[in-house]
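Heads up: the structure comes next, in structure tokens.
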Amino acid sequence: MKILKADAGALNNFEVLEFLKSKGYSKDDRKRGMGRVTTSEYKVFDYLVDTPAGTQTREGNDEFKEKCKQFDLGNDTILNIINTRPASVVEIYAIVEENADELVEMIGEVLTPPTAPSPKPEADTDEIDAETMNCGTN
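Letter 97 of the sequence shown, counting from 1, is numbered 135 in our numbering, and no numbers are missing.
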């Protein structure tokens, strides 16, 4: 592997997900096996699919970056907003204190709405071992 441009900047979660998809990975591969990806790539893909990156589009992200110029936000702040996809003033205020109302409105218009994460299998609570139940009693 050859590094073409060392200081090209940080990638957002959507761009990482697109890269993994370009390597041929998809949700269907979860059932069949990992194919041409490493274990770490599999885990990253599996995580990113259930984040806002799983529903975002390149066009939406580009439009959002363009509209953010009016707020004079840094690249790291824009990256953080795209990755977390805040849906309320409280969530955006944790990232940017000024213009939070306007940013939330713009995020709602430009970025795709967040989806609920896919359900994870729950542990069977009937199978709690005796060691766990006796925690701290010796």
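Glycine included, C-beta positions come from ideal geometry on N, C-alpha and C.
| query | result |
| --- | --- |
| Assigned secondary structure, S126 (DSSP; H/G/I helix, E/B strand, else coil) | coil |
| CB contact flag (I133, T150, <8 angstroms) | no |
| Alpha-carbon spacing of G62 relative to E104, whole angstroms | 30 angstroms |
| I116 - DSSP class collapsed to helix/strand/coil | helix |
| Reference D84, options L58, A48, L117, E143, closest by Cα | L58 |
| Straight-line Cα distance separating V148 from N99 | 8 angstroms |
| Environment of G92 [buried if 16+ CB atoms lie within 10 Å] | buried |
| Assigned secondary structure, T89 (DSSP; H/G/I helix, E/B strand, else coil) | coil |
| K103, enclosing alpha helix (DSSP H) - first and last residue | 96-105 |
| Euclidean distance between Cα positions of R70 and E79 | In this prediction, R70 scores a pLDDT of 48, lower than 50, which makes its location untrustworthy; the coordinate-derived value is nonetheless stated afterwards. R70 and E79: Cα-Cα distance of roughly 15 angstroms. |
| Exposure label - R123; buried when at least 16 CB within 10 Å | buried |
| Classification of Q94 by the beta-carbon crowding that lies within 10 angstroms, buried from 16 upward | buried |
| Exposed unless 16 or more other CB atoms sit within 10 angstroms - verdict on N113 | exposed |
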